[in-house]
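Enquirer: Please read through the structure below; I'll follow up with questions.
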Amino acid sequence: MTASDSPTLHHHYVMPTYAPGMTLVRGSGAHVWDDTGREYLDFMAGIAVCNTGHCHPAVVAAIQQQAATLMHCSNLFHNPVQPRLAQRLSALTLGGKIFLCNSGAEANEALFKLARKWGSAEGRYEIITMKNSFHGRTLATMTATGQTKYQKGFEPLMPGFVYAEFNALETVRAAVTPATVAILCEAVQGEGGVVPADPAFITGLRALCDEKKLLLLFDEVQCGMGRTGKWFGFHHYDVRPDGFSMAKALGGGFPIGAIAVTPELSNVFEPGNHASTFGGTPLASAAALAVLDTLEKEHLIDHADRMGTLFMEGLNALARKHACIQTVRGLGLMIGVVLSIPAKPVETQLRENGLLCIATGENVLRFVPPLVVTPDHIQQALDQLDQALTVSTA
Ligand SMILES: Cc1ncc(COP(=O)(O)O)c(C=O)c1O
Numbered sequence: 000m001t002a003s004d005s006p007t008l009h010h011h012y013v014m015p016t017y018a019p020g021m022t023l024v025r026g027s028g029a030h031v032w033d034d035t036g037r038e039y040l041d042f043m044a045g046i047a048v049c050n051t052g053h054c055h056p057a058v059v060a061a062i063q064q065q066a067a068t069l070m071h072c073s074n075l076f077h078n079p080v081q082p083r084l085a086q087r088l089s090a091l092t093l094g095g096k097i098f099l100c101n102s103g104a105e106a107n108e109a110l111f112k113l114a115r116k117w118g119s120a121e122g123r124y125e126i127i128t129m130k131n132s133f134h135g136r137t138l139a140t141m142t143a144t145g146q147t148k149y150q151k152g153f154e155p156l157m158p159g160f161v162y163a164e165f166n167a168l169e170t171v172r173a174a175v176t177p178a179t180v181a182i183l184c185e186a187v188q189g190e191g192g193v194v195p196a197d198p199a200f201i202t203g204l205r206a207l208c209d210e211k212k213l214l215l216l217f218d219e220v221q222c223g224m225g226r227t228g229k230w231f232g233f234h235h236y237d238v239r240p241d242g243f244s245m246a247k248a249l250g251g252g253f254p255i256g257a258i259a260v261t262p263e264l265s266n267v268f269e270p271g272n273h274a275s276t277f278g279g280t281p282l283a284s285a286a287a288l289a290v291l292d293t294l295e296k297e298h299l300i301d302h303a304d305r306m307g308t309l310f311m312e313g314l315n316a317l318a319r320k321h322a323c324i325q326t327v328r329g330l331g332l333m334i335g336v337v338l339s340i341p342a343k344p345v346e347t348q349l350r351e352n353g354l355l356c357i358a359t360g361e362n363v364l365r366f367v368p369p370l371v372v373t374p375d376h377i378q379q380a381l382d383q384l385d386q387a388l389t390v391s392t393a
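Using numbering that gives the first Met the number 0, read the sequence shown as starting at 0 and increasing by one per residue.
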């Protein structure tokens with residue numbers, strides 16, 4: 000078998016939940032290569048996963064070393080790596096305990112269960128989520144996702160989720176009932192089109208949660224881990240949540256998810272309440288520790304902030320040239336370019352020219368490059384986009 004057989008094998012043997020494009024065989028830093036040897040500048044980073052760049056040597060070394068030492072031993076035993084990761088994450092986040100799992104959906108499920116357990120004595124279980132949000136593909140996270148297109152055909156949905164308008168505080172207030180236990184929100188809606196929350200909305204959510212004794216929960220799966228130029232998206236707002244989920248970039252490409260909560264919520268789960276066979280294996284924990292080290296040692300979060308500003312300035316300049324750019328929005332290196340034309344053909348054109356990004360919704364191009372991108376990479380991406388928009392509107 001060669002890499003060029005991959006599409007045929009995929010067609011015959013992999014369930015068609017995705018419609019993949021070309022076959023990628025290698026990655027390094029901000030670049031990936033396909034099976035013909037063609038190089039691409041990667042401004043999607045495996046959908047906001049490879050924040051430290053593809054195959055960062057420190058992450059690769061940590062995985063190789065831990066893989067040869069102890070990959071997995073079950074959470075029925077202590078291992079020397081997992082608690083070190085939890086300690087680091089706790090110090091970085093809310094000062095409470097950490098639950099480790101494998102994906103964003105699983106992390107959000109843990110948040111839901113924790114909120115339900117916390118509210119159970121008072122019979123409270125309802126979670127308010129935002130329209131246009133995205134929280135995952137399991138039954139509960141798909142239900143929490145405020146977009147019917149992800150839910151069609153999978154009814155009945157899970158009970159206990161109600162929706163409010165993102166950035167419209169009064170609709171959230173109106174959704175609160177005596178059964179409400181929590182509000183879940185993304186600081187920057189990712190799949191929903193890269194829409195940052197308004198500061199007044201986030202502080203208003205906190206005040207509402209305090210008033211009604213609700214948990215304020217954030218989904219940091221996409222906007223966390225330095226992506227927005229701060230460790231977590233909610234750090235752009237003057238707010239402290241009660242808990243939040245993370246995944247994607249936490250393992251730098253190795254699957255791992257987590258939730259962080261405040262000290263007050265740290266012992267809501269008791270032994271037997273929740274579990275995951277693979278949650279926080281020594282291997283996954285070693286990868287995540289190497290990612291945290293790298294983000295810190297290479298000052299990648301401040302760098303993301305600077306590169307985001309540079310990219311945003313360049314995109315705004317392009318918007319003055321191309322009337323089809325309606326808005327440029329985002330935080331740090333999580334940027335959406337809203338077009339007046341369909342985004343998918345532009346994404347395809349960019350790919351043909353050697354730049355990877357993701358169309359989201361009908362008309363938004365999403366750019367979530369590795370945080371290691373340089374000013375030169377940013378300029379290349381701007382030139383590519385300039386060219387692709389010229390072709391697409393000719
Ligand atoms: C904000 C957000 N939450 C949750 C998820 C689900 O994460 P996973 O695909 O790892 O289950 C995603 C995935 O795109 C996401 O963007």
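Built from N, CA and C at the ideal position, the CB exists for glycine as well.
Measuring CA to CA, which of 238, 6, 253 and 138 is closest to residue 196?
Expert: Residue numbering aside, residue 196 sits at position 197 when the sequence shown is read from its first letter. Checked all of 238, 6, 253 and 138; the closest Cα to residue 196 is 238.
Enquirer: Tell me the rounded alpha-carbon separation between residue 296 and residue 220.
Expert: For the purposes of this step, residue 296 is taken as residue 297 along the sequence shown, with counting starting at 1. For the purposes of this step, residue 220 is taken as residue 221 along the sequence shown, with counting starting at 1. Their backbone Cα atoms lie some 22 angstroms apart in a straight line.
Enquirer: Ligand 1 heavy atoms versus the CB of residue 233: any closer than 7 angstroms?
Expert: One-based indexing of the sequence shown puts residue 233 at position 234. Residue 233 Cβ: outside cutoff for every heavy atom of ligand 1.
Enquirer: Going by DSSP, what residues sit across from residue 195 in a beta bridge?
Expert: Stepping through the sequence shown from its first residue, residue 195 is reached at position 196. Per DSSP, 187.
Enquirer: Would you kindly work out how many angstroms separate the C-alpha atoms of residue 198 and residue 63, rounded to a whole number?
Expert: Your numbering for residue 198 matches position 199 in the sequence shown. Your numbering for residue 63 matches position 64 in the sequence shown. Between residue 198 and residue 63, the C-alpha separation is close to 42 angstroms.
Enquirer: So the candidates are 331, 355, 354 and 360; which of them puts its Cα closest to the Cα of residue 338?
Expert: Numbered from its first residue, the sequence shown carries residue 338 at position 339. Checked all of 331, 355, 354 and 360; the closest Cα to residue 338 is 360.
Enquirer: If you count every other CB in all the chains shown that lies within 10 Å of the CB of residue 240, and 16 or more means buried, which is it?
Expert: Here residue 240 is taken as the residue at index 241 of the sequence shown, counted from 1. With 16 or more Cβ atoms within 10 Å of its Cβ, residue 240 is classed as buried.
Enquirer: For the region 334-393, which segments carrying the alpha helix (DSSP H) assignment without a break, of at least 4 residues, lie completely within its bounds, in sequence order?
Expert: Those alpha helix (DSSP H) runs which fall completely within the region 334-393 and span 4+ residues are 342-352 and 374-391.
Enquirer: Taking DSSP's pairing of strands, which residues face residue 326 in a bridge?
Expert: Locating residue 326 in the sequence shown gives position 327, where the first residue counts as 1. Per DSSP, 337.
Enquirer: Out of 55, 377, 232 and 184, which has the shortest C-alpha to C-alpha gap to residue 305?
Expert: If you number the sequence shown from 1, residue 305 lands on position 306. Here the closest residue by C-alpha is 377.
Enquirer: Classify residue 181 as helix, strand or coil using the three-state DSSP reduction.
Expert: On the sequence shown, residue 181 is found 182 positions in, with the first residue counted as 1. Residue state, collapsed to three classes: strand.
Enquirer: Which class does residue 32 belong to by DSSP, given the choice of helix, strand or coil?
Expert: Stepping through the sequence shown from its first residue, residue 32 is reached at position 33. The answer is strand: DSSP assigns residue 32 an E or B state.
Enquirer: For ligand 1, any of its heavy atoms closer than 7 angstroms to the Cβ of residue 189?
Expert: Position 190 of the sequence shown, counted from the start, is the residue given in the question as residue 189. Residue 189: yes, Cβ under 7 angstroms from ligand 1.
Enquirer: Helix, strand or coil, according to DSSP, for residue 99 in the structure here?
Expert: Your numbering for residue 99 matches position 100 in the sequence shown. Residue 99 falls in the strand class under three-state DSSP.
Enquirer: Return the CA-CA distance between residue 216 and residue 35, expressed in angstroms with no decimal places.
Expert: Numbered from its first residue, the sequence shown carries residue 216 at position 217. Numbered from its first residue, the sequence shown carries residue 35 at position 36. In a straight line, the C-alpha of residue 216 is about 45 angstroms away from that of residue 35.
Enquirer: Is it the case that the CB of residue 220 approaches a heavy atom of ligand 1 more closely than 7 angstroms?
Expert: Sequence index remark: in the sequence shown, residue 220 carries index 221 (1-based). Under cutoff, so the answer is yes.
Enquirer: What did DSSP end up calling residue 245 once you bin it into helix, strand or coil?
Expert: As a working note, residue 245 is residue 246 in the sequence shown. Strand at residue 245.
Enquirer: On a Cα-Cα basis, can you pick out the residue from 367, 234, 175 and 23 that is closest to residue 214?
Expert: By 1-based counting over the sequence shown, the position of residue 214 is 215. Among 367, 234, 175 and 23, the Cα nearest to that of residue 214 is on 175.
Enquirer: Hey, would you say the C-beta of residue 112 is under 7 angstroms away from at least one heavy atom of ligand 1?
Expert: Locating residue 112 in the sequence shown gives position 113, counting from the first residue. Incorrect: residue 112 has no Cβ contact closer than 7 angstroms to ligand 1.
Enquirer: Determine the burial state of residue 286: buried for a count of at least 16 other Cβ atoms within 10 Å of its Cβ, exposed for fewer.
Expert: Position 287 of the sequence shown, counted from the start, is the residue given in the question as residue 286. Buried, since its Cβ has 16 or more Cβ neighbours within 10 Å.
Enquirer: Under 7 angstroms from any heavy atom of ligand 1, does the C-beta of residue 247 make it?
Expert: Indexing the sequence shown from 1 puts residue 247 at position 248. True, at least one ligand heavy atom lies under 7 angstroms from that Cβ.
Enquirer: Following a CB-centred definition, is residue 108 positioned closer than 7 angstroms to any heavy atom of ligand 3?
Expert: With respect to ligand 3, the structure shown offers nothing to examine, as its ligands consist of ligand 1.
Enquirer: Taking C-beta to C-beta, are residue 107 and residue 140 nearer than 8 angstroms?
Expert: Indexing the sequence shown from 1 puts residue 107 at position 108. Indexing the sequence shown from 1 puts residue 140 at position 141. Against a cut-off of 8 angstroms, the Cβ pair of residue 140 and residue 107 comes out as a contact.
Enquirer: Mind the definition here: the region 325-340 touches the region 187-194 only if three or more C-beta pairs lie below 8 angstroms; say whether that holds.
Expert: Yes, they touch.
Enquirer: Can you give me the C-alpha to C-alpha distance between residue 261 and residue 267, rounded to a whole angstrom?
Expert: Position 262 of the sequence shown, counted from the start, is the residue given in the question as residue 261. Position 268 of the sequence shown, counted from the start, is the residue given in the question as residue 267. One C-alpha to the other measures close to 11 angstroms.
Enquirer: Let's see if you can read the secondary structure: which residues bound the alpha helix (DSSP H) around residue 295?
Expert: Position 296 of the sequence shown, counting from 1, holds the residue named residue 295. Here the alpha helix (DSSP H) through residue 295 covers 281-296.
Enquirer: In the structure shown, what three-state DSSP assignment does residue 129 receive?
Expert: For the purposes of this step, residue 129 is taken as residue 130 along the sequence shown, with counting starting at 1. Residue state, collapsed to three classes: strand.
Enquirer: Would you report the Cα separation of residue 288 and residue 109, rounded to the nearest angstrom?
Expert: Within the sequence shown, the letter at position 289 stands for residue 288. Within the sequence shown, the letter at position 110 stands for residue 109. C-alpha separation (whole angstroms): 21 angstroms.
Enquirer: Rounding to the nearest angstrom, what Cα-Cα distance links residue 178 and residue 120 in this structure?
Expert: Against the sequence shown, residue 178 aligns to sequence position 179. Against the sequence shown, residue 120 aligns to sequence position 121. Between residue 178 and residue 120, the C-alpha separation is close to 11 angstroms.
Enquirer: Residue 159 and residue 125 - do their beta-carbons sit closer together than 8 angstroms?
Expert: Position 126 of the sequence shown, counted from the start, is the residue given in the question as residue 125. Position 160 of the sequence shown, counted from the start, is the residue given in the question as residue 159. The answer is yes: Cβ separation under 8 angstroms.
Enquirer: Where do the N-terminal and C-terminal ends of the alpha helix (DSSP H) with residue 312 fall, by residue?
Expert: By 1-based counting over the sequence shown, the position of residue 312 is 313. From DSSP, the alpha helix (DSSP H) with residue 312 extends over 299-320.
Enquirer: Are residue 248 and residue 47 close, meaning C-beta to C-beta below 8 angstroms?
Expert: Within the sequence shown, residue 248 is the residue found at index 249, counting from 1. Within the sequence shown, residue 47 is the residue found at index 48, counting from 1. Cβ distance < 8 angstroms, so residue 248 and residue 47 count as in contact.
Enquirer: What's the C-alpha gap between residue 396 and residue 290?
Expert: Residue 396 lies beyond the residue range present for the chain, which begins at 0 and ends at 393; the question has no answer from this structure.
Enquirer: Give a single yes or no on whether residue 133 has its beta carbon closer than 7 angstroms to a heavy atom of ligand 1.
Expert: In the sequence shown, residue 133 corresponds to position 134, counting from 1. It does: the Cβ of residue 133 is within 7 angstroms (strictly closer) of some heavy atom of ligand 1.
Enquirer: Does the beta-carbon distance from residue 228 to residue 274 come in below 8 angstroms?
Expert: Translated into the one-based positions of the sequence shown, residue 228 becomes position 229. Translated into the one-based positions of the sequence shown, residue 274 becomes position 275. Against a cut-off of 8 angstroms, the Cβ pair of residue 274 and residue 228 comes out as no contact.
Enquirer: Could you give the distance in angstroms between the alpha-carbon of residue 211 and the alpha-carbon of residue 85?
Expert: To locate residue 211, count along the sequence shown from 1; it is residue 212. To locate residue 85, count along the sequence shown from 1; it is residue 86. For residue 211 and residue 85, the distance between alpha carbons rounds to 30 angstroms.
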